[in-house]
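A.B. asks:
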Amino acid sequence: MAESKVAHNEEPIRLFKADFLEFFTHISPIAVLVIWVPVVGYFLYRSIALDGSGALTIVLGFLLGLFLWTFAEYTLHRFLFHFPPKNEWQKRLSFLMHGVHHAQPRDKTRLVMPPAVSIPLALVFFGLYYLLFTYVLMAPNWVSPVFSGFITGYIAYDMIHYGTHHFPIKKGYFRMVRHNHMHHHFQTPDKRFGVSNPLWDYVFNTMPPEK
Numbered sequence: 004m005a006e007s008k009v010a011h012n013e014e015p016i017r018l019f020k021a022d023f024l025e026f027f028t029h030i031s032p033i034a035v036l037v038i039w040v041p042v043v044g045y046f047l048y049r050s051i052a053l054d055g056s057g058a059l060t061i062v063l064g065f066l067l068g069l070f071l072w073t074f075a076e077y078t079l080h081r082f083l084f085h086f087p088p089k090n091e092w093q094k095r096l097s098f099l100m101h102g103v104h105h106a107q108p109r110d111k112t113r114l115v116m117p118p119a120v121s122i123p124l125a126l127v128f129f130g131l132y133y134l135l136f137t138y139v140l141m142a143p144n145w146v147s148p149v150f151s152g153f154i155t156g157y158i159a160y161d162m163i164h165y166g167t168h169h170f171p172i173k174k175g176y177f178r179m180v181r182h183n184h185m186h187h188h189f190q191t192p193d194k195r196f197g198v199s200n201p202l203w204d205y206v207f208n209t210m211p212p213e214k
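Using this note's numbering, read the sequence shown as starting at 4 and increasing by one per residue.
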């Protein structure tokens, strides 16, 4: 990602000239819940009513999906949102995807992933898990619980990300993740890529020691 200077003005940075396109760059966290909670519910229902999965498969699959999300969160943030652009076209794309958030980190309407990004990504991951569990692992009844857990992880990530920027969290686990994310924004933008948890930062040595 190209380096973005922090803008301190309250007026949101405009990304598109067309009002129609600009509208879709401003997303409320409520939209995340409205869109994705029913998706989680559907895939859990499908696990029980259509796939006939047992309780153990559903619980383990759901937990596996949560775990897989943590890895997706880290890799997407590090390698997609922070990819080093090599030309003007890539710089523009990088700023649209994530640079605007680093330039204006307190803009409440650009803290959660817009559906124009989250829906295609969800379809890609669903396709990957469908192929993996159906044709490689020969366990098709795991697809629905794994994907429901994965999307639950995504919802938690977006809600935590919103909270780290707009709530004065002073205790416990969420204080720690807020501390890490604020350091990512203002001190080490090439480190601390985990937002909802720091697990993969420790695994891949992108968690710098505290000074």
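Idealized CB from N, CA, C, for every residue including glycine.
Evaluate P148 with the Cβ neighbour count: other Cβ atoms within 10 Å of its Cβ, from every protein chain shown; 16 or more gives buried, anything less gives exposed.
C.D. replies: Its Cβ being crowded by 16 or more others within 10 Å, P148 is buried.
A.B. asks: What residue does the alpha helix (DSSP H) around R181 start on, and which one ends it?
C.D. replies: R181 -> alpha helix (DSSP H) spans 175-189.
A.B. asks: Can you tell me which of the three DSSP states N208 falls into?
C.D. replies: Residue state, collapsed to three classes: coil.
A.B. asks: Within 10 angstroms of its Cβ, does H169 collect 16 or more other Cβ (buried), or is it exposed?
C.D. replies: With fewer than 16 other Cβ atoms within 10 Å, it is exposed.
A.B. asks: Using beta-carbon positions only, say whether V103 and I30 come within less than 7 Å of one another.
C.D. replies: No.
A.B. asks: Could you compute how far the alpha carbon of E91 sits from the alpha carbon of G55?
C.D. replies: Spanning the two alpha carbons is a distance of roughly 51 Å.
A.B. asks: What do you get for M141, buried or exposed, if any count of 16 or more other CB atoms within 10 angstroms of its CB means buried?
C.D. replies: When all chains shown are included, M141 counts as exposed.
A.B. asks: Restricting to Cα atoms, I'd like to know which of I33, F207, P211, L24 is closest to F82.
C.D. replies: Nearest option by C-alpha distance: F207.
A.B. asks: Would you kindly work out how many angstroms separate the C-alpha atoms of P171 and A159, rounded to a whole number?
C.D. replies: The straight-line gap from Cα to Cα measures roughly 18 Å.
A.B. asks: Can you name, in chain order, every residue of its own chain whose Cβ lies under 6 Å from the Cβ of F46, other than the five neighbours on each side?
C.D. replies: Once the five neighbours on either side are set aside, the close Cβ partners of F46 are S147, F150, S151.
A.B. asks: Using beta-carbon positions only, say whether T167 and H187 come within less than 7 Å of one another.
C.D. replies: Taking 7 Å as the Cβ cut-off, T167 and H187 do not qualify as a contacting pair.
A.B. asks: Report all residues from its chain with a CB closer than 6 Å to the CB of P15; omit the five preceding and five following residues, and keep chain order.
C.D. replies: Within the same chain, P15 has close Cβ partners D110.
A.B. asks: Below 6 Å CB to CB, which residues in the same chain sit around F153 once its five sequence neighbours on both sides are set aside?
C.D. replies: Closer than 6 Å at Cβ, skipping near neighbours: G68, L71, W72.
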